[in-house]
Amino acid sequence: MTAASEVLTSATRITAATSLLDSGPSGAAHPRAAVFLLRRALEAGLDSYIYAHRPALARCRTETKVVWLAHHLDARLAGRLAAVWRNLSGACHYHQSALPPTVSELLGWRDEVAFVLRGLRT
């Protein structure tokens, strides 16, 4: 898969996550599914960037890629990527004593994912 098609896939995932957060006429949002879509969109964009700039890391875990980015990308963008990825990863796991993320939080994370993906493309 090329980087261009992966970016389109990431954009499609962000759009799908947004539609899952819209309660619509049923009154039911699907935040958990949206979290997974947003995290996958972010990871797909990260994978495309890594493949283009450091193919040897393509098979590494996402944590490794995030650490590598901190040393080879604008520090502010790398920090934003790390923070939103950490938040989404935490929200992907059920925690008995923690509340799930709110729709407002998820919309903020969606905007952050979109910002980071634009930064990775430039």
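Residues in the sequence shown are numbered from 3 upward in steps of one, following our numbering.
Heads up, the beta-carbon is just placed ideally off N, CA and C, and yes, glycines get one too.
| query | What are the boundary residues of the alpha helix (DSSP H) that arginine 123 is part of? | reply | Residue mapping note: residue 123 aligns to position 121 of the sequence shown, counting from 1. Unbroken alpha helix (DSSP H) run through arginine 123: 105-123.
| task | Determine the direct distance from the alpha carbon of valine 105 to that of glutamate 65, and round the result to whole angstroms. | result | As a working mapping, residue 65 is identified with position 63 in the sequence shown. As a working mapping, residue 105 is identified with position 103 in the sequence shown. Between glutamate 65 and valine 105, the C-alpha separation is close to 26 Å.
| Between which two residues does the alpha helix (DSSP H) containing tyrosine 96 stretch? | Residue numbering aside, residue 96 sits at position 94 when the sequence shown is read from its first letter. No alpha helix (DSSP H) contains tyrosine 96, which DSSP labels as neither H nor E.
| message | Residues in the same chain with beta-carbon distance under 6 Å from glycine 47, minus the five sequence neighbours each way, listed in chain order, please. | response | Along the sequence shown, read from residue 1 onward, the residue named residue 47 stands at position 45. Counting only residues of its own chain and dropping the five nearest sequence neighbours on each side, glycine 47 has a CB closer than 6 Å to the CB of Ser12, Leu119 and Leu122.
| query | Do you know how far the Cα of aspartate 24 is from the Cα of valine 68? | reply | One-based indexing of the sequence shown puts residue 68 at position 66. One-based indexing of the sequence shown puts residue 24 at position 22. About 30 Å.
| field | C-alpha gap between arginine 56 and valine 86, whole angstroms | value | On the sequence shown, position 54 is the one that residue 56 refers to. On the sequence shown, position 84 is the one that residue 86 refers to. Using only the alpha carbons, I get a separation of about 22 Å.
| Taking the alpha-carbon positions, what's the serine 91 to valine 37 distance? | Working through the sequence shown from its first residue, we reach residue 91 at position 89. Working through the sequence shown from its first residue, we reach residue 37 at position 35. Serine 91 and valine 37 have their C-alpha atoms spaced approximately 8 Å apart.
| query | At which residues does the alpha helix (DSSP H) containing alanine 72 begin and terminate? | reply | Against the sequence shown, residue 72 aligns to sequence position 70. From DSSP, the alpha helix (DSSP H) with alanine 72 extends over 64-74.
| said: Within a Cβ cutoff of 6 Å, which residues of the same chain sit near arginine 63, ignoring the five residues on either side of it in sequence? | reply: Along the sequence shown, read from residue 1 onward, the residue named residue 63 stands at position 61. If we look at arginine 63 and ignore the five residues flanking it on each side, it has no Cβ neighbours.
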